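Residue numbers (the numbering used here): 172 to 431.
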């Protein structure tokens, strides 16, 4: 009779990011501003993972140009885990979420969560006019943006939060499955700019659930730990939200609108 094989049978499944990356050194390459880099950092802080940051221009340029031993990338944020590296904020966030168990469990919710992350990425581009590559904000254009497009986007985020209703007044609210996931931190990263950087808390007060969500997320220990570095008590020492000329144009436009 034929002896049974002692070899392990293949399951047909590749190693997951969680098993591959559990002990590898993690580095986040991004400029010394909050913006897209915080989408990654919030997840690492929440999971209690140690990581390094690289924000020096020359070091970032060298890392981006290094195509000899790793996959080519174009821009930051760039995530490096061991020898593996990748860019594009949504892709990096999704990889970390899988690795750190910060994504929904239901298959449909996984797809909706990705949709919400891409919504947040679109909001970043809308607020900053695609990084200020083409033009800057002026008072009238910013006012119209707040009244129409930004209002609609905030309404979408607010309505998504109601999908977990009903909930008690003192209960934390999350976007999916009544537990924190990467979408909650992505929305936090958006509101951090609108509420804290640009002082538009009263504007967000129009969206009841969104305001409550920001209040609870900003109080999390992991968030406070990161903000203690990026947003000290002296606001003049804060890391900028999006930075550059585009942030200056937003601030100038908000002030001009408030005077009218």
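C-beta: ideal position from N, C-alpha, C; glycine also.
All of these numbers come straight from a predicted model, not from anything done at the bench.
Membership of residue 386 in the alpha helix (DSSP H) is indicated by the continuous run 379-389.
Comparing alpha carbon positions, the residue from 333, 339 and 374 closest to residue 347 is 333.
Fewer than three Cβ pairs drawn from the region 298-305 and the region 241-257 lie within less than 8 Å of each other, which leaves the two stretches out of contact.
Between residue 328 and residue 280, the alpha-carbon positions lie close to 15 Å from each other. Secondary structure of residue 371 (DSSP, three-state): coil. Between residue 211 and residue 260, the CB-CB gap stays under 9 Å. Going by C-alpha positions, residue 282 is about 26 Å away from residue 205.
Counting along the chain, the unbroken alpha helix (DSSP H) around residue 298 starts and ends at 278-298. The beta carbon of residue 314 is closer than 6 Å to those of 428 in its chain, skipping five residues each way along the sequence. Its chain contains 344 as the residues whose beta carbon lies nearer than 7 Å to that of residue 338, once the 5 sequence neighbours on both sides are disregarded; these appear in chain order. Around the Cβ of residue 268, a 10 Å sphere holds 16 or more other Cβ atoms; the residue is buried. Inclusion of residue 273 and residue 351 in the CB contact set at 9 Å is warranted, their separation being smaller than that value. Around the beta carbon of residue 277, fewer than 16 other beta carbons lie within 10 angstroms, which makes this residue exposed. Under the 10 Å beta carbon count, residue 424 is surrounded by 16 or more other beta carbons and is classified as buried. Comparing alpha carbon positions, the residue from 395, 363 and 419 closest to residue 382 is 363. Beta-bridge annotation (DSSP): residue 223 is paired with 198. Scanning its chain for C-beta atoms nearer than 8 Å, with the 5 sequence neighbours on each side dropped, one finds around residue 366 the residues 372, 375 and 385, in chain order.
Exposure of residue 240 is indicated by the presence of fewer than 16 other C-beta atoms within 10 angstroms of its C-beta. Going by C-alpha positions, residue 323 is about 27 Å away from residue 341. Counting along the chain, the unbroken beta strand (DSSP E) around residue 249 starts and ends at 249-252. In this structure, residue 203 lies near residue 226, with their beta-carbon atoms less than 9 Å apart.
Here the region 407-418 makes contact with the region 292-300; the two share three or more CB pairs at distances below 8 Å. A straight-line Cα-Cα distance of about 12 Å links residue 224 and residue 247. In the structure shown, residue 210 falls within a helical segment according to DSSP collapsed to helix, strand and coil.
For residue 356, there is no enclosing beta strand (DSSP E); the enclosing alpha helix (DSSP H) covers residues 353-362.
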